[in-house]
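At position 61 of the sequence shown (counting the first as 1) the number is 66 in the numbering used here, and the numbers step up by one without a gap. Heads up, the thing below is written out as structure tokens.
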Amino acid sequence: MHEMALTQSLIAIVEETARRERATRVRVVVVEIGVLGHVEPEALRFCFDVVSRGTLAEGARLEIVTMPGQGWCLDCSRSVPITGRFGPCPDCGGQRVQMTSGGELRVREMEVT
């Protein structure tokens, strides 16, 4: 389960940011997860609850925003929606599509006290 390692890094970022802002508690963490990033949201939620114990984020609400896949087709020079890392352009059928978004996992915002 790679979500555990991802969550450990996520909590480290959240704690570092909260301490830098002199916060005493993290109430909400909003993360963006790309649909092509191979991160299971429910596994991330479970890991967040476990990893956040004993940290400033213990008891914080985790909000997950799912980000769509987007790519750039080198054949038709268009930005296109994609549902997989590999596959044809939905507009022209070309095979040279580079993923531009949808693989991310990032903290969008935090609510602290």
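The beta-carbon is built from N, C-alpha and C at its ideal position, and this holds for glycine as well. Just so it is clear, the structure is predicted and the values come from calculations on it, not from any experiment.
Counting every other CB atom within 10 Å of its CB across the protein chains shown gives L15 a total of 16 or more, marking it as buried. For L11, the enclosing alpha helix (DSSP H) starts and ends at H7 to R25. Under DSSP, P86 shares a beta bridge with Q75. Distance from the CA of R113 to the CA of W77, rounded to the nearest whole angstrom, comes to 24 Å.
Residue pairing from DSSP places E114 in a beta bridge opposite V35. If you check the CB distance, T88 and R32 do not come in under 8 Å.
By DSSP's assignment, E68 forms a beta bridge with V35. In the structure shown, the three-state DSSP call for V102 is strand. In terms of Cα proximity to M115, the closest of G92, V34 and Q100 is V34. Excluding residues up to 5 positions away in sequence, V117 lie with their Cβ nearer than 6 Å to the Cβ of A28 in the same chain.
Here DSSP, grouped into helix, strand and coil, assigns C52 to helix.
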